[in-house]
Amino acid sequence: MKAKVVLACLLLVIAALVAVPWIASYFYVFIFTEILIMGLFAVSFNLIFGYTGMLSFGHAAFFGVGSYATALVLIHLQWPFLACLLVSMGVSAVLALVIGYLSVRLNEVYFAMLTLAFGMMIFAIAYQWRSITGGSDGLAGFTLGSFGLGIDLTLSNPAVYYHVVLAIVGIASLVLYVICRSSFGLVLKAIRQNPERVAFAGLNVRTYRLVAFIIAGTFAGLAGGLIAPFLRVASPELIHWSTSAEPVLMSILGGTGYFLGPFIGSAVFVLLETWITSFTGSWMLVLGIILALMVVFFRKGLLGTFLDWWMEVKK
Amino acid sequence: MKQPNLRKLMVSMVTAATLTAGTSAYAEDPIRIGGIYILSGSASTYGEFAQKGIDLAVSEINESGGILGRDIEMIYEDSQGKASVAIQAARKLVHSEDVDALVGLDSSGVAQGMVPTMPELQKPLIITHAATPDVTGELCNPFTYRISVNVAQNMKAAAKIASETDAKNWTTIGPDYSFGHQSWEYFGDYLKEINPDVNLMSDTNFPRFGAEDFTPFIDRVMDSDADGVLISVWGGDLVNFVRQASNRGFFEKDLELMFTVGAATEVLTALGDRMPEGVHLSTRYWYDAYDNDINKRFVKAYIEEYGNPPSYNAEGAYAAIYAYKQAMEAAGTTDGPAVAKALRGMTMEAPNGTVTFREGDNQAMVSPNWGISGPMHPEHGIRTLTDLQIFDGEEVARSVEETGCKL
Numbered sequence: 001m002k003a004k005v006v007l008a009c010l011l012l013v014i015a016a017l018v019a020v021p022w023i024a025s026y027f028y029v030f031i032f033t034e035i036l037i038m039g040l041f042a043v044s045f046n047l048i049f050g051y052t053g054m055l056s057f058g059h060a061a062f063f064g065v066g067s068y069a070t071a072l073v074l075i076h077l078q079w080p081f082l083a084c085l086l087v088s089m090g091v092s093a094v095l096a097l098v099i100g101y102l103s104v105r106l107n108e109v110y111f112a113m114l115t116l117a118f119g120m121m122i123f124a125i126a127y128q129w130r131s132i133t134g135g136s137d138g139l140a141g142f143t144l145g146s147f148g149l150g151i152d153l154t155l156s157n158p159a160v161y162y163h164v165v166l167a168i169v170g171i172a173s174l175v176l177y178v179i180c181r182s183s184f185g186l187v188l189k190a191i192r193q194n195p196e197r198v199a200f201a202g203l204n205v206r207t208y209r210l211v212a213f214i215i216a217g218t219f220a221g222l223a224g225g226l227i228a229p230f231l232r233v234a235s236p237e238l239i240h241w242s243t244s245a246e247p248v249l250m251s252i253l254g255g256t257g258y259f260l261g262p263f264i265g266s267a268v269f270v271l272l273e274t275w276i277t278s279f280t281g282s283w284m285l286v287l288g289i290i291l292a293l294m295v296v297f298f299r300k301g302l303l304g305t306f307l308d309w310w311m312e313v314k315k
Numbered sequence: 001m002k003q004p005n006l007r008k009l010m011v012s013m014v015t016a017a018t019l020t021a022g023t024s025a026y027a028e029d030p031i032r033i034g035g036i037y038i039l040s041g042s043a044s045t046y047g048e049f050a051q052k053g054i055d056l057a058v059s060e061i062n063e064s065g066g067i068l069g070r071d072i073e074m075i076y077e078d079s080q081g082k083a084s085v086a087i088q089a090a091r092k093l094v095h096s097e098d099v100d101a102l103v104g105l106d107s108s109g110v111a112q113g114m115v116p117t118m119p120e121l122q123k124p125l126i127i128t129h130a131a132t133p134d135v136t137g138e139l140c141n142p143f144t145y146r147i148s149v150n151v152a153q154n155m156k157a158a159a160k161i162a163s164e165t166d167a168k169n170w171t172t173i174g175p176d177y178s179f180g181h182q183s184w185e186y187f188g189d190y191l192k193e194i195n196p197d198v199n200l201m202s203d204t205n206f207p208r209f210g211a212e213d214f215t216p217f218i219d220r221v222m223d224s225d226a227d228g229v230l231i232s233v234w235g236g237d238l239v240n241f242v243r244q245a246s247n248r249g250f251f252e253k254d255l256e257l258m259f260t261v262g263a264a265t266e267v268l269t270a271l272g273d274r275m276p277e278g279v280h281l282s283t284r285y286w287y288d289a290y291d292n293d294i295n296k297r298f299v300k301a302y303i304e305e306y307g308n309p310p311s312y313n314a315e316g317a318y319a320a321i322y323a324y325k326q327a328m329e330a331a332g333t334t335d336g337p338a339v340a341k342a343l344r345g346m347t348m349e350a351p352n353g354t355v356t357f358r359e360g361d362n363q364a365m366v367s368p369n370w371g372i373s374g375p376m377h378p379e380h381g382i383r384t385l386t387d388l389q390i391f392d393g394e395e396v397a398r399s400v401e402e403t404g405c406k407l
């Protein structure tokens, strides 16, 4: 029964998401595109944060590099869109392998600092290598070509692009969900709770952490590959540590203990940002207050708090 | 389970239909124009001056019957000087606020990102400040126009002036983004063309835009062999730069200094007599340079309203609103593509004289103004410009072929 309700709710949400271009004001097509992409970015981050217990402050490196990869391929090679996304994922995966290999051996604050340092190194490269990355301006002025696989889509139409993003984020989330629910995902959870015990059980904790790190980086790269054609710019800000903080905030807002938590966090984050900046410039102040309240009173995030309340009501 | 969902869907569909119907314009609805400027941070005075120019034009037009019998209403968004923010702002203005046209953009980096998205929005954009040649070059499109001087025009004028000085070793201090880099590239190319003997030093200085401390760059130039410096630092940065440079004795050295946007009244007002005398200052429009009725009226009204003389940014923004008035009245509609088409090749009278949007690249043929900083103005509290030169906008422009624009 419970599974059926959850499934029904999920289908309803998906139906509503598919219908956004027809039922909501056109502006919300852009808002929901951003929510989905940032949601995927946050979910990929939560694989290492919520599941494995590694707090990375450099996750935007993969997101940003993914966006630059797509932008560069679109500018210089004009490959189909799907090919661009594969390049983004590939480049991010390799980068995650390198950074992860050097970082996962450390724990907690050392791991956080090391990922922050690597993230800022990638940022500095993008910021300074003007001839390739466009320096502080980033890369802009690319046009979207074909989709790939012989499917005829006008990607420059925002509603079409939204549906493409919805489909790709949906598939990617499903893959991530399967990973989280697999025995591999269970080991990750066990590592978060007690790495020593996992090690005593004969499993190589470092390898598991590295693989989780690479998977997270790859999907962050995919999110980056989706954001560049959406923003029409790949800029160093996408790599900056302040962008790395966004999935952290989104995960905490939505609830780190739930697979869909970061998506909820992303939705709340983007919607609040849009609404609040229409009234006041001090969006960060409001965000800070909300976050402080969340961490003090609602440790399980919005989704977790809601589910607890729901269970309570049903009783 | 199914019934209420269906009802919900019906309700939303009806709501959507009503909303769409509600947006179709009635004659008495105002014409909405979206303005995207830097309204926060170190360059925010530019956004404020643009707003002042626009508000003046809007109140003048609204008092004399509006456009096509409708008032103008402005809606502003802060670009924060970031392309991604500006693109989102443009989408919000067009799709959520239903604006009929856009004006704005203070930064080349922002313009490069936003201009390629204009055809998707199907609304005209008149750029009033951002100067990168690319947006009326490789990136040009039928919806993007520029009413202000671009880097290529201004640097051709600058190169002419530089070639008449004794300086042989040139370097630059400019913001570390497209504007700073492109200013130096165009300046160097044009200067070499006129005078192949000059030495363009490889030691260039590009502090981050918004950097507060310019002293390392100032020291580096003072220690080098440079005898000519192109300074394209602008906005609040330029104010900081001049203060720090004068503290370090930079202006006592025997250097030819060319400030590519130094005669912006925003900067001159902030600096007062701390802006040194005897340096080359440029601006896209100098309020004292044009002896025509429109300019006299504009400058007078502006000073009466705000207490200080208008800057080029205020003038560009002011003129852009009048450009829309003329184009919308010519088109007889506020429909985006029709207004964009009416702007094509349009000639109008503006404070800086007769302005024509060139058909080949939609760049207005407007004149860079260069002068030498003189004594303080007795009333306005800013430096005057002496030896004022008004370059012919068309003469200093790239040819349409050179721009790479294909319209």
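As they're listed, the protein sequences go chains A and R. Going letter by letter, the first sequence gives residues 1 to 315 in our numbering. Going letter by letter, the second sequence gives residues 1 to 407 in our numbering. Ideal placement from N, C-alpha and C gives every residue a C-beta, glycine not left out.
Whole-Å CB distance - residue i paired with residue j, under 8 Å assumed
i       : j       : result
A89(R)  : K123(R) : With 8 Å as the limit, A89(R) and K123(R) do not qualify as a contact, their Cβ atoms being about 13 Å apart.
G141(A) : Q112(R) : 6 Å
H59(A)  : S244(A) : 5 Å
D98(R)  : S40(R)  : Not a contact, Cβ separation roughly 25 Å.
I87(R)  : M118(R) : The Cβ separation is near 10 Å, so there is no contact.
I38(R)  : D106(R) : 5 Å
V135(R) : T144(R) : 6 Å
K82(R)  : V110(R) : 7 Å
P262(A) : A159(A) : Actually they are not in contact, since the Cβ atoms of P262(A) and A159(A) sit about 25 Å apart, beyond 8 Å.
Below-8 Å beta-carbon distance, residue i vs any chain A residue
i       : result
A21(R)  : Note that A21(R) has pLDDT 43, beneath the 50 cutoff, so the model's placement of it is unreliable and the number below is only indicative. So, not an interface residue.
G278(R) : no
Y46(R)  : no
P207(R) : no
Same chain only: Cβ atoms within 7 Å of residue i, ignoring 5 sequence neighbours per side
i       : result
F123(A) : P236, I239 and H240
I125(A) : none
V221(R) : T171, I173, N205 and V229
I215(A) : L47 and I179
Below-8 Å beta-carbon distance, residue i vs any chain R residue
i       : result
Y68(A)  : no
S25(A)  : yes
Q308(A) : The sequence shown places Asp at residue 308(A), not Gln. False, the Cβ-Cβ gap to chain R never drops below 8 Å.
T133(A) : no
T115(A) : no
G304(A) : no
G224(A) : no
G141(A) : yes
L231(A) : yes
S316(A) : No answer is possible for residue 316(A): it lies beyond the span of chain A, which begins at 1 and ends at 315.
Sequence-distant residues of its chain with Cβ nearer than 8 Å to residue i (five each side left out)
i       : result
M294(A) : I252, L253, G301 and L302
E273(A) : W283 and L287
T384(R) : D288, S373, G374, P375, M376 and H377
A245(R) : F214, I218 and F251
Own chain partners of residue i with C-beta closer than 6 Å, once the 5 adjacent residues on each side are dropped
i       : result
S148(R) : T128, H129, R284 and G316
Assess, as a yes-or-no matter, whether the segment 24-38 of chain A is touched by the segment 187-197 of chain A under the definition of 3 or more beta carbon pairs within less than 8 Å. no
When you compare the segment 280-289 of chain A with the segment 225-240 of chain A, are there three or more beta-carbon pairs, one atom per stretch, that lie closer than 8 Å? no
Against chain R: residues of the segment 234-257 of chain A by CB proximity under 9 Å: S235, E237 and L238
I want to know whether the segment 110-121 of chain A touches the segment 33-53 of chain A - three or more CB-CB distances under 8 Å. no
Sufficient close CB pairs (3 or more, under 8 Å) joining the segment 352-362 of chain R to the segment 160-171 of chain R: no
Closer than 7 Å, Cβ to Cβ, to anything on chain A: give me those residues from the segment 154-179 of chain R, in chain order. Against chain A - using a Cβ distance shorter than 7 Å - the residues of the segment 154-179 of chain R are D176, Y177 and S178.
Please determine if the segment 84-96 of chain A and the segment 216-229 of chain A are in contact, where contact requires at least 3 C-beta pairs separated by less than 8 Å. yes
Does the pairing of the segment 43-58 of chain R with the segment 205-212 of chain A give three or more beta-carbon distances under 8 Å? no
Does the pairing of the segment 263-275 of chain R with the segment 326-345 of chain R give three or more beta-carbon distances under 8 Å? Pairwise C-beta distances place the segment 263-275 of chain R out of contact with the segment 326-345 of chain R, as fewer than three of them are shorter than 8 Å.
Please identify, using Cβ separations under 7 Å, the residues of the segment 106-131 of chain R that lie next to chain A, in order along the chain. G109, Q112, G113, P116, T117 and E120
Mind checking the segment 73-102 of chain R against chain A and listing, in chain order, the residues whose C-beta falls within less than 9 Å of any C-beta there? So the list reads D78, K82, A83, S84, I87, Q88, R91, K92, V94, H95, S96 and E97, given in the order they occur along the chain.
Do the segment 65-72 of chain A and the segment 252-269 of chain A meet, that is, are 3 or more Cβ pairs less than 8 Å apart? no
What residues in the segment 255-289 of chain A have a beta carbon less than 9 Å from any beta carbon of chain R? The residues in question are T274, T277, S278 and G281.
Do the segment 54-67 of chain R and the segment 242-255 of chain R meet, that is, are 3 or more Cβ pairs less than 8 Å apart? no
Is it true that the segment 92-110 of chain A meets the segment 150-166 of chain A, where meeting means three or more beta-carbon pairs spaced less than 8 Å apart? no
Under 8 Å, CB to CB, which of the residues in the segment 135-153 of chain R have a partner in chain A? So the close ones are E138 and L139.
Between the segment 370-390 of chain R and the segment 310-318 of chain R, do at least 3 Cβ pairs fall closer than 8 Å? Between the segment 370-390 of chain R and the segment 310-318 of chain R there are fewer than three C-beta pairs closer than 8 Å, too few to call the two in contact.
Check whether the segment 222-241 of chain R touches the segment 256-265 of chain R, taking contact to mean three or more Cβ pairs, one atom from each stretch, closer than 8 Å. yes
Listed in chain order, which residues of the segment 147-159 of chain A have Cβ atoms closer than 9 Å to some Cβ of chain R? S156, N157 and P158
Which residues, in chain order, does the segment 27-58 of chain A contribute to contact with chain R at a C-beta distance below 7 Å? F27 and F30
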